[in-house]
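Reading through the structure tokens given below for one structure.
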Amino acid sequence: MSEQSNSNGSGYIIECQDVNKWFGEFHVLKDINMKVKEREVVVVIGPSGSGKSTLIRCINRLEEHQEGKILVDGIELSNDLKNINAIRRETGMVFQSFNLFPHLTVMQNITLAQRYVRRRPRRDAEDMARQLLQRVGIPEQANKYPGQLSGGQQQRVAIARALAMQPKIMLFDEPTSALDPEMIKEVLDVMKELARSGMTMLVVTHEMGFAREVADRVIFMDSGRIVEIGTPEHFFENPSHERTKLFLSQIL
Amino acid sequence: MSEVYHRPDETFYVAPKEPPPSRRPPALTIGPVGWLRKNLFSSVSNTLITVITVGLMAAFFYELVTWSVAKAEWNVVNNTMRLMMVGLYPVDQIWRIELIAILLVFLSGLGLGVWGGNARGFFIIALMIIIAALFIPIGAEKIEPPPIRFLITPTDAIGPVVFVGDKDDTVRLSVEPIDDNAIANETSPFVGFIENSPGSSSSRALWNNAKAQVVAGTLDLTNYNLQLTVQLLDRSGKVLDEQLSTPTRRRVNFEFKLPADGWYYVQVLRDETSEAIYETVDGVQLPIAPARTLPNTGYAWIRIDGVDTMSSQVADVEQRTKTYGEVPAIQCPSAAECRRLLLEENTRFEGARSFSAFLKTQLDPFLQEIIVSLVVGFAVMLAAYSIGNFAKQSRNPSSKKAVSRVTIIGWIIFFPLSWILLSGFKDPDSVHPFLRLPEVAQSLWGGLILTIVLTFVSLTVAFPIGILLALGRRSKLPIISIFCILFIEVVRGVPLITILFMAKFIVPYFAKSMSDTELLIRLLVGLTLFTAAYNAEIIRGGLQIIPKGQIEASQALGLNPFATNAFIVLPQALRAVIPAMMSQSVSLFKDTTLVSIVGLFEFLGMIELIVNGQQIYRPYQREAYLFVGVIYFIISYIMSSLSRRLEESGAGTVRKMRKA
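These protein sequence lines map, in sequence, to chains A and B. 252 is the number that this note's numbering gives the last residue of the first sequence; the numbers go up by one with no jumps. 1660 is the number that this note's numbering gives the last residue of the second sequence; the numbers go up by one with no jumps.
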């Protein structure tokens, strides 16, 4: 118990201890142990099916883990709805397929949760939304519907929507995988800006350039386990594990 | 040849700097001609299909329209309009229904004005006004009974014509001799023609027969030699007054003031062997009718004005029996004649009616009934539209906001208010004097207003229940989902009529406290549960098309399950199922006809009651059912048009989503 109360003081904002998860009989996450410090950018890479998306989805309880312990900002994830909601308030998430609400305008997409969850007055919420749209570079799209925007613009709106809740942690689940090559850069630029501003970020991506440039640490996963954790220099220049070497040789 | 755009013989090619200029498409492929060529006459088989289909449609509509104009007898609709529209709803309370109709038109006009509308919006409201107008005239003053005419001929006996009258009512009797062959080609003698006497043979049949004879040349109407006596009698058979019509003094008019309230009847006696009749004028005896030497020939109308004869309206008949007693049994001239029935082919108009005669005898009486309410309806709509449009175009945005808020609030209170207006208060003295509406028992509601109440009450109540059932069926809690599945499947597995029978017979048996509940309420509950089960399945279909990512995104933002459903899932799911929901609603609207089987007379049930239950209307089933069909179609069309408008309007419509 003492360990739990210390965890916040220890500077780790996400802690996974022996996390195991199964989909039916299939063992997707095997003994995951991992810690993320505050203001750290951690990139998770790995072949598809390696469990990296499942891992970050476990962190805000979109998936439920069966064994082990996940602590976010010192709060343990359990079935307690209050804890889950508290953690979700602290973490913003950006999805591969954007998942904007198509029936709401960009402005409504960004203000809905602020007003309903944070109980912010309409005017404040809209000010915040305009500020964030400015920050992601599309202030002029506020009154359009998501269907009228390009993929890159939609993903930037999705980032703005997550940021509007003023989270301590941002989770990115392959944010550029569904985008045309021409649009990947505009999203990555926003993410780099975000990383420089000191946001704690956990990013699942296949963008090796981004990982090399921005990440503080890189986690490599394969078949449900963590294979290697290291700094980008170490990871890309001089990987230790055979599996990592194989993976890198195939993609670089 | 400096610019060449296409050189297929070269392996390598670089396009010139400027693209070629745009040209117009070939003339035959665009515009109406292009549309026709592309859509109707693109190939031989397509042309054939077009011609055959258009031909069949034209033939059908030609038949329908010519029959409606030239042969149909639309007065059955006119005469029974009140029953069809409001059933037994008390006449002096019909203004409440009128008020509801006016409110409906006003709110629709306001909405159209403030939110903008296209031509179809106006068209829908115009249809609503027409339907609403049908409710209005029937509450007006009692329709003046048309004059009664019956035909008298040399060979056919005429039974007595029975009517009721109050003290000091004036009855006018007149004889109109038919002594001109040209009359046989006129149709006007049938205006206001009513058959009602227990023993009379059908005047219409006789007249058709006479016409045929005139046309064939076997009957000459100018050969008039009819002598008859017109008698007015009270119910005991005492002759109150009588007048003689002779070949020389044919036209007879006389008035009689009734001595007391009660039943009276008119009888005609043909005089075949009379003596000469004399009248004393200034002390000199003058013959006014010579002794008959010629055989009785010729035809005449006997016309009765100012009396109230038969009534098709149950309430009237009850009232009449209460006031005047039972209909007297009157001796028929002979038993055989009393047994004659009015056969359909006898009472229908024969031959083709001209269009002007159609306007005069069929359309005009109908229009006269509804013209005032149509004008009022359109005036109210225009006024409301102007207010809405004025607010919309006003420079002050708050006035638009205010008017649209008033419109929304108006719609929200419209439905409960209508219910209160319709049913009134059990104890009117307990409420504010302004609202002192006497109760109208639900057993008196009937006709189209009952159909509308059944449809809209069960639709509005079933909608939220359907949503809850759909969400419940997807619930992770097994008890809730099993309950919902069980409910939905049981209700969907049972015919609606069974549910209605259960509501009528079984519910009061199991739940004693329900046995006092009005039948209407019990049937409404049945219809509501039935609709809710179907709606639940439709909504579940809508829920399934919402991608899981939407729910995850909403959860990731910290929205709780209630907010996720209310703000994210349901708005999208419900919009996607508008077409299916509306077709379910239209189908419910038509299914309400089933309640007539368990004893509530809604629109169709009322028509059946009228045309099958009343002998005089039995010949006019075709007209009555056609009218019913048209009204059902118009209302269904209004409903589906509204749903299309709903689909196309509002934030993030389907269209906008598809544009992605």
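Virtual Cβ for every residue (Gly too), placed ideally from N, Cα, C. Since the structure is predicted, the reported quantities are computational estimates derived from the model, not experimental observations.
Inset, instruction - Look up B:Gln1267 in the DSSP assignment and say whether it is helix, strand or coil. - result: In this structure, B:Gln1267 counts as strand in the three-state DSSP scheme.
Inset, instruction - Could you name the residues of chain A that B:Leu1543 contacts, counting a contact when the two beta carbons are closer than 7 Å? - result: Near B:Leu1543 there are no residues of chain A at all, since even the closest Cβ is about 14 Å away, more than 7 Å.
Inset, instruction - Give a yes or no on whether the minimum CB-CB distance between B:Pro1561 and chain A is below 7 Å. - result: No, because no Cβ of chain A sits closer than 7 Å to the Cβ of B:Pro1561.
Legend entry - Interface residues of chain A facing B:Pro1571 [CB-CB closer than 9 Å]: Scanning chain A for C-beta atoms nearer than 9 Å to the C-beta of B:Pro1571 yields Phe101, His103, Leu104, reported in chain order.
Inset, instruction - Check the Cβ-Cβ distances between A:Leu62 and every residue of chain B, and say whether any is below 7 Å. - result: At least one CB of chain B lies nearer than 7 Å to the CB of A:Leu62.
Inset, instruction - Run the proximity test for B:Ser1045: is its beta-carbon closer than 6 Å to any non-hydrogen atom belonging to the ligand ADP? - result: In the structure shown, the ligand ADP is absent, as is every other ligand, since no ligand is present at all.
Legend entry - Residue from B:Leu1519, B:Val1494, B:Arg1492, B:Gly1493 whose Cα sits closest to the Cα of B:Phe1505: The closest CA to that of B:Phe1505, considering only B:Leu1519, B:Val1494, B:Arg1492, B:Gly1493, is found on B:Leu1519.
Legend entry - Euclidean distance between Cα positions of A:Phe220 and A:Val41: If you take the alpha carbons of A:Phe220 and A:Val41, they lie about 14 Å apart.
Legend entry - is_contact[B:Glu1552, chain A] using C-beta, thresh 7 Å: So, interface residue.
Legend entry - Contact under 7 Å by Cβ, A:Ser97 with B:Gly1558: Contact flag unset, no.
Legend entry - 4 or more residues per run - each alpha helix (DSSP H) lying fully within the region 1005 to 1067 of chain B: Within the region 1005 to 1067 of chain B, the complete alpha helix (DSSP H) runs of at least 4 residues are 1031 to 1039, 1044 to 1066.
Inset, instruction - Pull up the distance between the alpha-carbon of B:Thr1080 and that of B:Val1086, whole angstroms please. - result: So the two alpha carbons sit approximately 10 Å from each other.
Inset, instruction - Mind listing the chain A neighbours of B:Val1575? Cutoff is C-beta to C-beta under 8 Å, in chain order. - result: Residue 1575 of chain B is actually Arg in this sequence, not Val. Those are His103, listed as they occur along chain A.
Inset, instruction - Could you tell me the distance, in whole angstroms, from the CA atom of B:Val1214 to the CA atom of B:Thr1229? - result: Answer to the nearest angstrom: the Cα atoms are 26 Å apart.
Inset, instruction - Assign B:Ile1302 to one of three DSSP states: helix, strand, or coil. - result: Residue state, collapsed to three classes: strand.
Legend entry - CB contact flag (B:Ile1130, B:Ser1418, <7 Å): For B:Ile1130 and B:Ser1418, no; Cβs fall outside 7 Å.
Inset, instruction - Please state whether DSSP places B:Asp1261 in a helix, a strand or coil. - result: In the three-state scheme derived from DSSP, where H, G and I count as helix and E and B as strand, B:Asp1261 is classed as coil.
Legend entry - Paired residues, beta bridge with B:Trp1445 - DSSP: Per DSSP, B:Gly1087.
Legend entry - chain B contacts from the region 112 to 140 of chain A (Cβ-Cβ distance under 7 Å): Here the close residues are Leu112, Ala113, Tyr116, Val117.
Inset, instruction - Could you confirm whether any beta carbon from chain A is found closer than 7 Å to the beta carbon of B:Ile1578? - result: No, no contact with chain A.
Legend entry - Supposed close pair B:Ile1124, B:Ile1638 - CB separation, criterion 8 Å: Going by Cβ atoms, the distance from B:Ile1124 to B:Ile1638 rounds to 6 Å, so yes, they are a contact pair.
Legend entry - Where the alpha helix (DSSP H) through A:Ile138 begins and ends: Boundaries cannot be given for A:Ile138, as no alpha helix (DSSP H) includes it and DSSP labels it neither H nor E.
Inset, instruction - Measure the Cβ-Cβ separation of A:Met34 and A:Gly92 and say whether it is below 7 Å. - result: The beta carbons of A:Met34 and A:Gly92 sit no closer together than 7 Å.
Inset, instruction - Kindly indicate which three-state DSSP category B:Ile1485 falls into: helix, strand or coil? - result: Secondary structure of B:Ile1485 (DSSP, three-state): helix.
Inset, instruction - At 8 Å on the CB atoms, spell out the chain B contacts of A:Arg196, in chain order. - result: Residues of chain B passing the Cβ test: none, with the nearest at roughly 24 Å.
Legend entry - Collapsed DSSP secondary structure at A:Glu233 in the structure displayed: Looking at A:Glu233 - three-state DSSP - the assignment turns out to be helix.
Inset, instruction - Could you tell me which chain B residues have their CB closer than 8 Å to the CB of A:Met165, listed as they occur along the chain? - result: For the C-beta of A:Met165, the chain B residues within less than 8 Å are, from N- to C-terminus, Leu1557, Gly1558.
Legend entry - Chain-order list of residues whose beta-carbon lies under 6 Å from that of B:Val1461 (same chain, five-residue window excluded): Counting only Cβ-Cβ distances below 6 Å, and skipping sequence neighbours, we find Thr1528.
Legend entry - A:Tyr12 in three-state terms, based on DSSP: A:Tyr12 falls in the strand class under three-state DSSP.
Inset, instruction - Output yes or no for whether 7 Å exceeds the beta carbon distance between B:Tyr1089 and B:Leu1444. - result: Their beta carbons are under 7 Å apart, which means B:Tyr1089 touches B:Leu1444 by this criterion.
Inset, instruction - Note down, in chain order, each residue of its chain lying with its Cβ closer than 8 Å to the Cβ of B:Val1077, except the 5 sequence neighbours on either side. - result: The beta carbon of B:Val1077 lies closer than 8 Å to those of Met1084, Phe1366, Glu1623, Ala1624, Phe1627 in the same chain, with the five residues before and after it left out.
Inset, instruction - For the region 156 to 173 of chain A and the region 76 to 95 of chain A, state whether three or more C-beta atom pairs, one from each stretch, are separated by less than 8 Å. - result: Counting Cβ pairs under 8 Å, three or more are found: they touch.
Inset, instruction - Indicate whether at least one CB of chain A lies closer than 7 Å to the CB of B:Gly1113. - result: No, B:Gly1113 does not count as interfacial toward chain A.
Legend entry - Cα-Cα separation between B:Ile1607 and B:Asn1296, rounded to whole angstroms: Straight-line spacing of the CA atoms in B:Ile1607 and B:Asn1296 works out to 44 Å.
Legend entry - Distance, B:Lys1017 Cα to A:Leu194 Cα: When rounded, the distance between both Cα atoms is 44 Å.
Inset, instruction - Flag this pair as yes or no: are the beta carbons of B:Val1171 and B:Phe1256 separated by less than 7 Å? - result: In contact: B:Val1171 and B:Phe1256 (Cβ atoms closer than 7 Å).
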